[in-house]
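Numbering (my numbering) for the sequence shown: -3 to 79.
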Amino acid sequence: MLPEYNFRGGVRGKHFKAYRRGHTVTIHKSDGTIQVQHFKLEEGAVMLEPDVQAYFPDSEAVNNALRGLITLLPRKPKSRARA
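Dropping the structure here:
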């Protein structure tokens, strides 16, 4: 970022919940037309904090790391049928 950008009044996470619900981008083109695009996070999408993102270049790296952790967890006991 350039030094002249001033973010002192910014609030971290201000639009986080709205972004998770989905958002619309309206593009005003130079020829006068308008293009509207709707974005919504895919089911199961997870947002990583920046300090965590630094360790994972892509979703495959995240999944591999989590699978490695899962192998360390004790197996869940089978649920018993209720009487």
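Just so it is clear, CB atoms sit at the ideal spot from N, CA and C, and this is done for glycine as well.
message: Just list the residues that DSSP pairs Gln31 with in beta bridges.
response: Along the sequence shown, read from residue 1 onward, the residue named residue 31 stands at position 35. Per DSSP, Ile23.
query: So, using beta-carbon positions, are Phe3 and His19 closer together than 8 Å?
result: Position 7 of the sequence shown holds residue 3. Position 23 of the sequence shown holds residue 19. Against a cut-off of 8 Å, the Cβ pair of His19 and Phe3 comes out as no contact.
Thr22 to His11 span [Cα, whole Å]: On the sequence shown, residue 22 is found 26 positions in, with the first residue counted as 1. On the sequence shown, residue 11 is found 15 positions in, with the first residue counted as 1. Cα to Cα, the separation comes out at about 17 Å.
query: Taking Cβ to Cβ, would you say Arg71 is nearer than 8 Å to Leu37?
result: To locate residue 71, count along the sequence shown from 1; it is residue 75. To locate residue 37, count along the sequence shown from 1; it is residue 41. With respect to the 8 Å criterion, Arg71 and Leu37 are not classified as neighbours on the basis of their beta carbons.
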